[in-house]
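Participant:
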DNA sequence: AAAACTTGATTAAAAATTTTAGTAAAGTTT
DNA sequence: AAACTTTACTAAAATTTTTAATCAAGTTTT
């Protein structure tokens, strides 16, 4: 039984209001420390809203239980250096499961983003049939075996996946979606762990907010440019979910009147003219018609992927550069609509196409200049994501921990 | 000197931390009461976060000072009825100044929305030159004279006006905008009152949120259909401002590629094909070309206004009905983009064109059906605003009071 | 290098608040 | 009319917050 669970049980089993309050304050302290990573006693007093002596006692108790530790000293501002407190390593271990269309990536990280079991990818096909969810369970169990994971060490599972995820109900209305099937509840029952489910793009936005280009910002648009086009909306320093959790469906904004049929059923969605899918289709078609481009040298045209286009563009291939510029122009036009509505302080460009650097950012910026009002655009900075390989898993850890605390506290409070 | 100012001064002049805390809690109590209008002792204990005895003492003190009063008793839920507390009438009196393009409307209301001095409209031309702001001061002074207002009774001024209002700086980048002129500071200096400035559409959204169709909702789009098209975005139960305060500039989303030139400098803005301005221009042009419509009977075609079109449409004029349907279709298309991005629980249609009822709502709904994803639209309700004549002034009162408290407390806290 | 000045940590007594408990008041339901 | 609920109010006990004082550990000035 984990140290953290003991603490949560203390809230539930407290006999007097006062013990209960104290236990709740300890939880609050833990959550604050997780959120801010490292804080001094004084900062904790401010953030949690307690006095120095009380806070000191709570810290002493949590230190004794090995839930937190005094870490290296902070910077002096003209006097004695303050002690920085931090959550202990391994207090909360998350199995990160990142589902993509044709693969699933897993790794285990703790609350301090230490990698306990390294990342491994498995081939996996996402499905619309709820019955296929058992395939995911099999892959997870395979990972446990491959890495010799002791399941007891896992505190919770964080699952990121594409689709319209109803965050209030735990359902995904795109995949595994028959009969309002609650993915989170089903996995929890089968795997005996708390399971937090989040849409992949919102997870990415959370990562940018916590560790990336959106750090310490209030209102940001995170654009994910990949096979599809995703949008994470950050408002008031939080990832905005929308009423059901469907906010940010930018790829299916209708963009072309009576345009191409989209797989979503509508016509002229942004993704039908500005996305990795579109570019690959367009390139295949053009290559077949003999357009001169380095892409012709690919061994297998059927296997053409966005990164191939980006690679040759970065090598100077004019055709690919034009393709990407066109993508940028159209995306810029769409982003300009968003900027008009949301007046963000920053736009973060991420996903594979962000790797094209100025080949895509300049066309985007050009469209923004053309299609947004001066005053609204002027102070809006455009950034390219700098997150590394496991950046998105870190965001998933954050979501999972917060979700775990929230659902546990809700349960404890409504039960009493 | 007002009763409320005494209370605020108490915060500033408190000698011990404890007195200061108590004074701050009294202010918090007042703000909570203003926000929720009527609360029981128990509710106040919950909302403000104090114990029964302490809260009781605060209430006793504020009652003695005539800042609040026990009002009628609440409903019984099986036992003794609780006393409902409310702010006293006249604790905070706001001069509401609603600036429109060719007129300004004024009235004085107190914290409980009692009208102290009735509404009066004055002809007034909004200007882009900061020097013309003195004209506004003259009109305000004229209102004071006309209504025999004792200036001492006015606690603050709430000013609503169109334009890009930078809420952090108090500037309007559209009107009175030379040299980053701070309207709020200038008026405060000249009129010796706190002045809160808010964009007219955001004021309308606030009214819908507090008293209208968006009550108790979290995520709502308020569409204002008038000469122009405005959008107020409500997120997490608050009117979303954007980074500078420019959120919601829906009318200038570029909607038609290489379309008509808009007065904002860009081409093809939504307002150039879907707005009161467009409809009036279109109607004038068509009437001159002999289109059959009841609008021909108007005495003066140059004076054609949106309400004329709505009137004859409601009388069954086919031409006007088509005009409005076209407006609805285009607006619906634009709204569908917003819904895709923000997944709101509700859309509130307001402004003069909302008076056209189903003549405009049906075309809007039709476009929404066509252009938004099923899952996102399904639970999104479309409502028509039901706010009466002084509904928007009430929202302005709310904004003004909150702004007054916030700026006063900020000043007190940074000064100590 | 020492002295003076800052800031942080820790402790203890005084003041205030929150719990807790008990009683009375004012309703509703049986 | 009796039994039960909820609210209001009061007072003692428990706890926390203030306040103040002392020591520790830095930085800056002399």
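Protein chains in written order, with this note's numbering: chain A, 202 to 617; chain B, 202 to 617.
We put the CB at the ideal spot given by N, CA and C, even for glycine.
Among residues of its own chain, excluding the 5 on either side of residue 477 (chain A), which ones have a beta-carbon nearer than 6 Å to its beta-carbon?
Facilitator: The answer, listed in chain order, is 427, 428 and 507.
Participant: For the beta strand (DSSP E) that residue 271 (chain A) lies in, which residues bound it at each end?
Facilitator: 269-274 is the span of the beta strand (DSSP E), which, as asked, contains residue 271 (chain A).
Participant: Just to confirm my understanding: we take residue 252 (chain B), look at its own chain, exclude 5 residues before and 5 after, and list those with CB closer than 8 Å. What are they?
Facilitator: The answer, listed in chain order, is 246.
Participant: Which stretch, first to last residue, makes up the alpha helix (DSSP H) that contains residue 514 (chain B)?
Facilitator: Element bounds for residue 514 (chain B): 507-515.
Participant: Which residues does DSSP list as the beta-bridge partners of residue 324 (chain A)?
Facilitator: The partner list for residue 324 (chain A) (beta bridge, DSSP) reads A:304.
Participant: Could you check which residue in A:385, A:449 and A:320 has the C-alpha nearest to that of residue 365 (chain A)?
Facilitator: The option with the nearest alpha carbon to residue 365 (chain A) is A:449.
Participant: Name the residues in the region 440-456 of chain B whose C-beta lies less than 7 Å from a C-beta of chain A; which are they?
Facilitator: Cβ contacts with chain A come from 441, 443, 444, 445, 447, 448, 449, 450, 451, 453, 454 and 455.
Participant: Taking Cβ-Cβ distances shorter than 9 Å, what residues in chain A pair up with residue 543 (chain B)?
Facilitator: Residues of chain A passing the Cβ test: 434, 441, 443, 444, 448, 449, 542 and 543.
Participant: According to DSSP, is residue 416 (chain B) part of a helix, a strand, or is it coil?
Facilitator: Three-state DSSP puts residue 416 (chain B) in coil, outside helix and strand.
Participant: Residues of chain B with a CB under 7 Å from the CB of residue 420 (chain A): which are they?
Facilitator: Those within 7 Å of residue 420 (chain A) in chain B are 443 and 444.
Participant: Here's the rule: buried if 16 or more other CB atoms are within 10 angstroms of the residue's CB, otherwise exposed. What is residue 560 (chain A)?
Facilitator: With 16 or more other Cβ atoms within 10 Å, it is buried.
Participant: Determine the direct distance from the alpha carbon of residue 600 (chain A) to that of residue 232 (chain A), and round the result to whole angstroms.
Facilitator: Cα to Cα, residue 232 (chain A) sits roughly 12 Å from residue 600 (chain A).
Participant: For residue 605 (chain A) and residue 471 (chain A), I'd like the C-alpha separation in whole angstroms.
Facilitator: Approximately 35 Å between the Cα atoms of the pair.
Participant: If contacts are defined as beta-carbon pairs under 8 Å, then residue 419 (chain A) and residue 546 (chain A) qualify, I think. What distance do you get, rounded to the angstrom?
Facilitator: Contact holds; Cβ gap of about 6 Å.
Participant: What's the gap between the Cα of residue 541 (chain A) and the Cα of residue 361 (chain B)?
Facilitator: C-alpha separation (whole angstroms): 21 Å.
Participant: Report buried or exposed for residue 218 (chain B), applying the criterion of at least 16 other Cβ atoms within 10 angstroms of its Cβ.
Facilitator: Result: exposed.
Participant: At what residues does the beta strand (DSSP E) containing residue 286 (chain B) begin and finish?
Facilitator: Its beta strand (DSSP E) spans residues 284-288.
Participant: Against residue 537 (chain B), what residues of chain A qualify as contacts under a CB-to-CB distance less than 9 Å, listed in chain order?
Facilitator: Residues of chain A passing the Cβ test: 454 and 455.
Participant: Terminal residues of the continuous beta strand (DSSP E) containing residue 582 (chain A)?
Facilitator: Unbroken beta strand (DSSP E) run through residue 582 (chain A): 582-585.
Participant: So the candidates are B:511, B:537, B:589 and B:539; which of them puts its Cα closest to the Cα of residue 526 (chain B)?
Facilitator: Checking every option, the nearest Cα to that of residue 526 (chain B) belongs to B:511.
Participant: For the region 568-598 of chain A, which residues have a beta carbon sitting closer than 7 Å to at least one beta carbon of chain B?
Facilitator: Cβ contacts with chain B come from 572, 574, 576, 577 and 580.
Participant: Provide the residue(s) that pair with residue 550 (chain B) in DSSP beta bridges, ordered along the chain.
Facilitator: Looking at the DSSP assignment, residue 550 (chain B) forms a beta bridge with B:424 and B:585.
Participant: Please list the residues of the region 368-394 of chain A that have a C-beta atom closer than 9 Å to any C-beta atom in chain B, keeping them in chain order.
Facilitator: From the region 368-394 of chain A, only 374 and 375 have a Cβ closer than 9 Å to chain B.
Participant: Is residue 621 (chain A) near residue 310 (chain A), with beta carbons less than 8 Å apart?
Facilitator: Coverage of chain A is limited to positions 202 through 617, which leaves residue 621 (chain A) absent and any answer about it impossible.
Participant: Measuring CB atoms only, is the region 288-303 of chain B touching the region 348-363 of chain B, in the sense that at least three cross pairs come out at less than 8 Å?
Facilitator: At 8 Å Cβ cutoff, the stretches touch.
Participant: For residue 473 (chain B), count the other beta carbons within 10 Å of its own beta carbon; 16 or more makes it buried, fewer makes it exposed. Which is it?
Facilitator: By the neighbour-count rule (16 or more Cβ atoms within 10 Å), residue 473 (chain B) is buried.
Participant: Near residue 581 (chain A), what residues of its chain come up, given a Cβ to Cβ distance below 7 Å and the 5 sequence neighbours on each side ignored?
Facilitator: Contacts found: 540, 545, 546, 547 and 548.
Participant: For residue 546 (chain B), which residues in chain A fall below 7 Å Cβ to Cβ?
Facilitator: In chain order: 444.
Participant: Residues in its own chain within less than 7 Å of residue 594 (chain A) by CB, not counting five upstream and five downstream?
Facilitator: These residues qualify, in order along the chain: 297, 299, 308 and 310.
Participant: Mind listing which residues of the region 340-367 of chain B have their C-beta closer than 9 Å to chain A's C-betas, in chain order?
Facilitator: Cβ contacts with chain A come from 365 and 367.
Participant: Does DSSP put residue 494 (chain B) in a helix, a strand or coil?
Facilitator: Coil at residue 494 (chain B), not helix or strand.
Participant: Who are the Cβ neighbours of residue 211 (chain B) in its own chain at under 6 Å, not counting the five residues just before and after it?
Facilitator: Cβ neighbours of residue 211 (chain B) beyond the five flanking positions: 224.
Participant: Is residue 378 (chain B) near residue 331 (chain B), with beta carbons less than 8 Å apart?
Facilitator: Contact flag set, yes.
Participant: If you reduce the DSSP assignment to three classes, tell me which class residue 473 (chain B) lands in.
Facilitator: Here residue 473 (chain B) sits in helix by DSSP.
Participant: Which residue marks the beginning of the alpha helix (DSSP H) containing residue 243 (chain A), and which one marks its end?
Facilitator: That run of the alpha helix (DSSP H) goes 242-245.
Participant: Once you ignore the five residues that flank residue 215 (chain A) on each side, which residues in its own chain have a CB closer than 7 Å to its CB?
Facilitator: Excluding residues within five positions, the ones whose Cβ falls inside 7 Å are 221 and 224.
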